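First residue of the sequence shown? That's 9 in my numbering, and the numbers climb one at a time after it.
Here's the structure, in structure tokens; my notes come after.
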Amino acid sequence: MTNIIFPFDSKISYEQRKKAMMQDPHLIWLTGLSGSGKTTLALRLEHYFFCKGFKVFILDGDNVRMGLCKGLGFSEDDRRENLRRVGEVARLMLDAGLIVISAFISPCEDDRMAIKEMVGEQRFIEVYVNCSLQICEERDVKGLYAKARQGIIPHFTGISAPYDPPASPAIELMTAEETVDESVRKIIEFVGPLISI
Ligand code: ADP
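Right, here's the structure in full:
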């Protein structure tokens, strides 16, 4: 078959971009059950870092499913494809010099590790937003657990689909016990020095 794809390298180096953006790009990967606090924390972090002058952007599960990943479901294969696309977009954003915060349940360790490899280990910060199923279900922020229990939503993580806790997250938050402020503070203390140049 005739090759019709010829990728090229930009004339602007990654180092030049970092310097121009005045930051060291990292992907802050929030993983945890639905209702554990990923979106809440992503929004708070984005606001904090933006106000500090960082160029930061959120990739969120529900938002990408409206466009980039429209049409994908929640089967194991579709979840994997969803995260593969997110990983590729995150990589491009990092290469462009951004700080990326992502909020995806991302229940499989293998999928999270594939993203770590895709973006580069040194740019990947895994944050385990740990919260018991019981508390997430009590919160039921979006009313999804009730529907999952009734069988209206299939493949629901924690109810009818598994969640593999991260083996060695950079940060682990216990959001049933910590306030939002405390959890945000823990991430900022860890991430702040890594993204500053
Ligand atoms: P997810 O995005 O993981 O589905 P959400 O952020 O939508 O979860 O909802 C989490 C809920 O838990 C929010 O109502 C939030 O106020 C509450 N919450 C309580 N403590 C924390 C904490 N330490 N971190 C994040 N959220 C918390």
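All C-beta atoms, glycine included, are put in the ideal place defined by N, C-alpha and C.
Keep in mind the model is a prediction, meaning the values are calculated, not measured.
**Closer than 7 angstroms: Val137 CB and nearest the ligand ADP heavy atom** = yes
**Item:** Inter-stretch contact at 8 angstroms, needing at least 3 Cβ pairs: the region 162–175 / the region 71–88
**Value:** yes
**Item:** Chain-order list of residues whose beta-carbon lies under 7 angstroms from that of Ala154 (same chain, five-residue window excluded)
**Value:** Asp148
**Message:** When you measure from the CB of Lys46 to every non-hydrogen atom of the ligand ADP, does any distance come out below 7 angstroms?
**Reply:** yes
**Asked** What is the C-beta distance between Leu38 and Ser110, in whole angstroms, given that I count them as a contact (C-beta under 8 angstroms)?
**Response** 6 angstroms
**Message:** Please give the ranges of any beta strand (DSSP E) in the region 82–168, keeping only runs that are unbroken, at least 3 residues long and fully inside the region.
**Reply:** 107–111 and 132–138
**Asked** In the structure shown, what three-state DSSP assignment does Asp68 receive?
**Response** strand
**Helix, strand or coil at Leu51 according to DSSP, with G and I counted as helix** = helix
**Prompt:** Tell me which same chain residues have a C-beta within less than 8 angstroms of the C-beta of Ser204, skipping the five on either side of it?
**Reply:** Gln31 and Asp32
**Prompt:** Would you say the beta carbon of Val199 comes nearer than 7 angstroms to a heavy atom of the ligand ADP?
**Reply:** no
**Request:** Could you pull the start and end residues of the beta strand (DSSP E) that Leu181 belongs to?
**Result:** Ile179 to Met182
**Prompt:** Three-state secondary structure (DSSP) at Ile36?
**Reply:** strand
**Asked** Thinking C-beta only, is Ala98 closer than 8 angstroms to Leu35?
**Response** yes
**Request:** Please state if the CB of Glu134 and the CB of Pro177 are separated by a distance shorter than 8 angstroms.
**Result:** yes
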